[in-house]
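This report refers to the structure that appears directly beneath it.
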Amino acid sequence: MAQILQPTPLHLDQLAGFLTNGGIVAIPTETVYGLAGNALDPEAIARIYAAKGRPSRNPLIVHVGSLQQLDEIALINETGRKLAEKFWPGPLTLIFPKKPIVPDAVTAGLDSVAVRIPSHPVFRELAARCSFPLAAPSANPSGYVSPTRAEHVLAQMGDSIQWILDGGPSNGGIESTILSLVDPQNPVLLRQGCIPQNELEKVLGCNIVTREDVAEDSRGGLLSPGLLKRHYSPRTRVRVFEGKAPHFKQNEAIVFLNSARCKAENHFSFSADGSLEAVARHLYDRLQSLDQKGLKRIYLELPPAAGIGLAIRDRMQRAAARD
Ligand code: TXA
Ligand code: MG
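Basically my numbering = 1-based index in the sequence shown + 3.
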């Protein structure tokens, strides 16, 4: 059974040593917890895929502590530097052409690599002790809800890993935004996330096409190997709604955006005031705790389709998809 470790200097040194020797460790980031291993060590990468039960065609994000470290693994372009200056460290993942040092296992054989510099202070302390970049998918079994607390990782992955580094509850609560800059003239948004699309567009001074736009001209499959329709899903059946609350039966629950709408025992909320940042922060925690109750169905209220609401809607709709 895995153990949760507090981020003391001694534990951080021990975990850095464990990672250096090819071990894998669940680590906090500002978005969700990740399952990290040395990105340059194919054996560590194989352990990550095995622990998650992740299909080998779904590539991993590589996390680094500094831009210098990034130069060793990716060909960063001017557009990337502009976004990095504004959003890193932070919840933005950029995709660049990869350098040969990155093993094929990390990128699922693609010529590109996904990278980000997380802002979580505990991640940064660990990264500073590692001379290599850390590949890390979210620390959940493939397809299940992502973890935003060390306890979520323990409950879902406790049998398949040894160590979980505790960094407290993740502040962002949903995954990073993923933008492909493989062609810097034509950035493509592959995943909505903590940083809203319109903020990226403001910095770039142009519109960004989304994966769905590209999928229409039939290149989508190649661009986004890991974006399955059903994902981020609890075991309990999920339905989404907007506006009027659905009629619900016994053994079902409704989760509203705002606690003001809670009127009955099986009513829950994502936040006290309905602020979308708070909804994102609490979304996965709420889903995982309701998933323990043996309910027949959970109804989720969708937020408006603007700003970070787009990313929250995406996660709710995937949680509700049946296949
Ligand atoms: O917030 C996050 O991004 C979290 C934390 C731990 O950093 N990580 C995360 O990783 O969400 P994961 O593995 O659950 O999702 C990574 C996504 C997958 O959909 C994968 O297909 C995509 O990134 N991806 C990775 N490398 C790619 C590449 N070279 N080209 C296109 N998509 C890529
Ligand atoms: Mg994931």
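Think of the CB as a built atom: it goes at the ideal place given N, C-alpha and C, for glycine as much as any other residue.
Take A283 and list the residues in its own chain whose beta-carbon comes closer than 8 Å to its own, dropping the five residues that flank it on each side.
Once the five neighbours on either side are set aside, the close Cβ partners of A283 are G175, G176, I177, C197, I311, A314, I315.
Cβ of A283 versus every heavy atom of the ligand TXA: is any distance shorter than 6 Å?
no
Taking 7 Å as the threshold (C-beta atoms), are V28 and A39 in contact?
Closer than 7 Å, so yes.
Should the segment 152 to 159 be regarded as contacting the segment 277 to 293, the criterion being three or more beta carbon pairs within less than 8 Å?
yes
Looking at C-beta atoms only, is the number of pairs between the segment 157 to 164 and the segment 182 to 194 that lie closer than 8 Å three or more?
No, they do not touch.
Let's test the definition: count the other Cβ atoms within 10 Å of the Cβ of L225 and tell me whether it reaches 16, buried, or not, exposed.
Low confidence applies to L225: its pLDDT is 46, below 50, so where it sits in the model is not reliable, and the reading given next is rough at best. When all chains shown are included, L225 counts as exposed.
Can you tell me the Cβ-Cβ gap for V258 and S272, rounded? I've got them flagged as a contact below 8 Å.
7 Å
Quick one: grab the DSSP three-state call for P100.
Strand at P100.
May I ask you to report which of helix, strand or coil DSSP gives L305?
In the three-state DSSP reduction, L305 falls in the coil class, being neither helix nor strand.
Pair every Cβ in the segment 88 to 96 with every Cβ in the segment 115 to 132, then say whether three or more of these pairs are closer than 8 Å.
yes
Around the ligand MG, which residues pass a check of Cβ closer than 7 Å to any of its heavy atoms?
P140, S141, N143, S149, E178
Which one of Y287, P307, G26 has the shortest CA to CA distance from I164?
G26
Span of the alpha helix (DSSP H) holding T82?
81 to 90
Of all the options R318, I301, Y302, which has the alpha carbon lying nearest to the alpha carbon of A308?
Its Cα nearest to that of A308, the residue R318 stands out among R318, I301, Y302.
Buried or exposed: where does C209 fall if 16 or more other Cβ atoms within 10 Å of its Cβ makes it buried?
Residue environment: C209 is assigned as exposed (fewer than 16 neighbouring CB atoms within 10 Å of its CB, all protein chains considered).
Please give the ranges of any beta strand (DSSP E) in the segment 146 to 189, keeping only runs that are unbroken, at least 3 residues long and fully inside the region.
Correct list: 166 to 168, 180 to 183.
Considering only residues of the same chain and omitting the five flanking positions on each side of K89, which have a CB-CB separation below 7 Å?
V206
Please name the residue in S69, K101, A139, I30 whose C-alpha comes closest to that of A87.
S69
The ligand PLP and I98: does any heavy atom of the ligand fall closer than 6 Å to the residue's C-beta?
The model on display carries the ligand TXA and the ligand MG but not the ligand PLP.
Between the Cα of Y287 and those of I7, A267, V35, spot the shortest distance and give me the residue it belongs to.
V35
How about G37 and A139: do their beta carbons lie closer than 7 Å?
yes
Give me the Cβ distance between A256 and L298, rounded to the nearest whole Å; I'm assuming they're in contact under 8 Å.
5 Å
Are there any heavy atoms of the ligand TXA lying less than 6 Å away from the beta-carbon of S115, as far as the coordinates show?
yes
Work out the CA separation of R214 and D220 for me, nearest whole Å.
Any reading at D220 must be qualified, since the residue scores a pLDDT of 49, below 50, and its modelled position is unreliable; no value is offered.
Who are the Cβ neighbours of Y306 in its own chain at under 8 Å, not counting the five residues just before and after it?
It should be pointed out that residue 306 corresponds to Pro in this sequence rather than to Tyr. If we look at P306 and ignore the five residues flanking it on each side, its Cβ neighbours are L260, L279, V282, G312, I315, R316.
Quick one: what's V109 bridged to in DSSP?
None, per the DSSP bridge assignment.
Does L137 pass the burial test, meaning 16 or more other C-beta atoms within 10 Å, or should it be called exposed?
buried
Within the same chain, show all residues whose beta-carbon is closer than 7 Å to that of A142, passing over the 5 residues directly before and after it, in chain order.
Cβ within range, chain order: A29, Y36, G37, L38, P150, V156, M160.
Can we count T34 as close to the ligand TXA, meaning its CB is less than 6 Å from some heavy atom?
yes
Have a look at G83 and A42 and give me their C-alpha separation to the nearest angstrom.
21 Å
Just how far apart, CA to CA, sit P12 and N269?
44 Å
Taking 6 Å as the cut-off, is the CB of N61 close to at least one heavy atom of the ligand TXA?
yes
Specify, as a first and last residue, the run of the alpha helix (DSSP H) that V243 falls within.
Unbroken run through V243 is the beta strand (DSSP E), 240 to 244; no alpha helix (DSSP H).
Within the continuous alpha helix (DSSP H) that includes Q6, where are the two ends?
Q6 -> not in any alpha helix (DSSP H); beta strand (DSSP E) instead, spanning 6 to 8.
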